[in-house]
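Student:
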Amino acid sequence: MLRSRPAPIQVLYIGYPGTSGLPEVDYLIADQRVCPPEHDRFYTERVARLPRSFWCFAPPEAAPSPAEAPVGTNGHVTFGSYNALQKLSDTTVRLWSRLLEAAPGTRLLLKSLSFADDAVRGVVEKRFVDAGVAGGRVITVPPTDKKNFYAEYSHLDIALDPMPYNGGTTTCEALWMGVPVVALRGDMFRGRMSASILEILGLPELAARTEEEYVHIAAALASDVPRIQALHREVRGRMAASSICDDAGMARDLEGLYRKMWKRWLEESR
Numbered sequence: 006m007l008r009s010r011p012a013p014i015q016v017l018y019i020g021y022p023g024t025s026g027l028p029e030v031d032y033l034i035a036d037q038r039v040c041p042p043e044h045d046r047f048y049t050e051r052v053a054r055l056p057r058s059f060w061c062f063a064p065p066e067a068a069p070s071p072a073e074a075p076v077g078t079n080g081h082v083t084f085g086s087y088n089a090l091q092k093l094s095d096t097t098v099r100l101w102s103r104l105l106e107a108a109p110g111t112r113l114l115l116k117s118l119s120f121a122d123d124a125v126r127g128v129v130e131k132r133f134v135d136a137g138v139a140g141g142r143v144i145t146v147p148p149t150d151k152k153n154f155y156a157e158y159s160h161l162d163i164a165l166d167p168m169p170y171n172g173g174t175t176t177c178e179a180l181w182m183g184v185p186v187v188a189l190r191g192d193m194f195r196g197r198m199s200a201s202i203l204e205i206l207g208l209p210e211l212a213a214r215t216e217e218e219y220v221h222i223a224a225a226l227a228s229d230v231p232r233i234q235a236l237h238r239e240v241r242g243r244m245a246a247s248s249i250c251d252d253a254g255m256a257r258d259l260e261g262l263y264r265k266m267w268k269r270w271l272e273e274s275r
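Numbering-wise (the working numbering), the sequence shown opens with residue 6 and increments by one.
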């Protein structure tokens, strides 16, 4: 469809953080964090950057108020991720296993739509055992309906972001539920998404630049219970006050890009 060019201007935005490789796609919408100017060479499209953020998040009506960090009740820190199973790369398993070794007594809770299948859950748990993690430290749970999905963030103290393909909506959901996210900044759009969100919220210290730093940041946070508890109380407020939740402002920014694209097309069509 895109090759047949049904519209004079064709734009790639949301859902695919990369290049189409098609000369018929004119623009990729991004921002300076997920796609800095020095990355332009990786895209066949012209990169059109939003002035504040690539992200726009509408807080879900079904989401309850953030819960207190569960470490206060459990007596141990629970890391977790509710990202799709396909993001659980070998690199992610290896790195999260290193983290569990560096943070004794912690647990890792994973939830995914794919975990409706008990066999899949068993395979995932075995991947961590094979990586040296003691059985029982990694817990996989089946999915729930959307109404209860957000409430189950109350089981997490710290959310972990996968790599090389980060969370996007999942990162926003975790933060909206008050759960701090630790991310590893990658070298491409797909691996820079969560770090960009953390920067916007004024939490750049949770975005690592190396695998070693990722483990250090997450382990250090796990050892600082007062900090975890404080973040659980303040992160939603940071989200609500940020450009990520400014839907009207985002619409204006996006319309501004569309206007520039149209003017350029008119000029180049003369």
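The C-beta atom is built at its ideal place from N, Cα and C for all residues, glycine as well.
(1) What are the boundary residues of the alpha helix (DSSP H) that includes T78?
(2) Between P167, A235 and M266, which has its C-alpha nearest G77's C-alpha?
(3) Can you give me the C-alpha to C-alpha distance between D162 and V186, rounded to a whole angstrom?
(4) Three or more C-beta pairs closer than 8 Å, one from the segment 100-112 and one from the segment 130-138: is that the case here?
(5) Which residue's Cα is closest to the Cα of R14: Y21, Q37, G20 and A53?
(6) Measuring only the C-alpha atoms, how far is R51 from E239?
(7) Determine which residues share a DSSP beta bridge with F84 and list them.
(8) With DSSP as the reference, label L100 as helix, strand or coil.
(9) Label V30 either buried or exposed according to how many other C-beta atoms from any shown protein chain fall within 10 Å of its C-beta, with 16 as the threshold for buried.
(10) Indicate the three-state DSSP secondary structure (helix, strand or coil) for T175 in the structure shown.
(11) Grab the span of the alpha helix (DSSP H) containing Y32 for me, first residue to last.
(12) Go to R243, then tell me how far its alpha helix (DSSP H) extends in each direction, as first and last residue.
(13) Are W181 and A68 close, meaning C-beta to C-beta below 8 Å?
Tutor: Based on what the coordinates show:
(1) Its alpha helix (DSSP H) spans residues V76 to N79.
(2) Comparing Cα-Cα distances from G77 to each of P167, A235 and M266, the minimum goes to A235.
(3) Spanning the two alpha carbons is a distance of roughly 9 Å.
(4) Because the criterion of three Cβ pairs below 8 Å is met, the segment 100-112 and the segment 130-138 touch.
(5) Correcting the residue identity first, residue 14 is Ile in this sequence and not Arg. For I14, the nearest C-alpha among the options comes from A53.
(6) If I take the Cα positions, the gap works out to 38 Å.
(7) F84 is bridged to L113 and I163.
(8) Shown here, L100 sits in a helix according to DSSP, grouped into three states.
(9) Buried.
(10) T175 falls in the helix class under three-state DSSP.
(11) It is not in any alpha helix (DSSP H) - Y32 instead sits in the beta strand (DSSP E) that spans Y32 to A35.
(12) From DSSP, the alpha helix (DSSP H) with R243 extends over V230 to A246.
(13) Yes, Cβ-Cβ distance for W181 and A68 is below 8 Å.
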